[in-house]
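Numbering (the numbering used here), first residue to last: 2 to 104.
To keep things clear, I will list the structure first and then write my remarks on it.
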Amino acid sequence: MREIRTFELDRHDVPTGWFIDRPQTLKVTHGQIWLTVEGETGDIWLRAGESVELQPYSTIWVSAAQDGGRFSMASVSAPRKLWVERVIAWFARRPSGPRVLAS
2 MREIRTFELD
12 RHDVPTGWFI
22 DRPQTLKVTH
32 GQIWLTVEGE
42 TGDIWLRAGE
52 SVELQPYSTI
62 WVSAAQDGGR
72 FSMASVSAPR
82 KLWVERVIAW
92 FARRPSGPRV
102 LAS
């Protein structure tokens, strides 16, 4: 079974973040979308009809070039994870490197 979700960004230039837990396809259905994948150099600009494959255990940031940008996220339903896979996923999304705590 495939799961397909549709999203509409109501404000342009305001990025929204997602943690990708399984392979997914992001496809733009209206407007132009800006996409950044944490840890990769460069941004990706997609227009209506264009898509990108997203890898699991990554964080993405999505924004629209104008109000009303729409896109869909599609993935194959994943089987239930074992507790070991959940621990690996939890560590995968933790930031690496030194952390600065604000006081």
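Cβ coordinates follow ideal geometry from the N, Cα and C atoms, glycine included.
Quick caveat, the model's predicted, so the values are computed rather than measured.
- DSSP, reduced to helix, strand and coil, places A66 outside both helices and strands of the structure shown, so it counts as coil.
- Look at A90 here: in three-state DSSP terms it is helix.
- R23 has its alpha-carbon roughly 15 angstroms from the corresponding atom of V85.
- Inter-residue distance for K28 and E39 is about 19 angstroms (C-alpha atoms, whole angstroms).
- Burial check for I5: the Cβ neighbour count within 10 Å stays below 16, so the residue is exposed.
- For the options E41, R12 and R71, the alpha carbon positioned closest to that of E51 is the one of R71.
- Around the beta carbon of I34, 16 or more other beta carbons lie within 10 angstroms, which makes this residue buried.
- In the displayed model, V77 falls within a strand according to three-state DSSP.
- Residue pairing by DSSP leaves E39 without any beta bridge partner.
- Measuring C-alpha to C-alpha distances from T37 to each of D68, D11, E9 and L55 identifies L55 as the nearest.
- Judged by DSSP secondary structure, G18 falls within the beta strand (DSSP E) whose first and last residues are T17 to I21.
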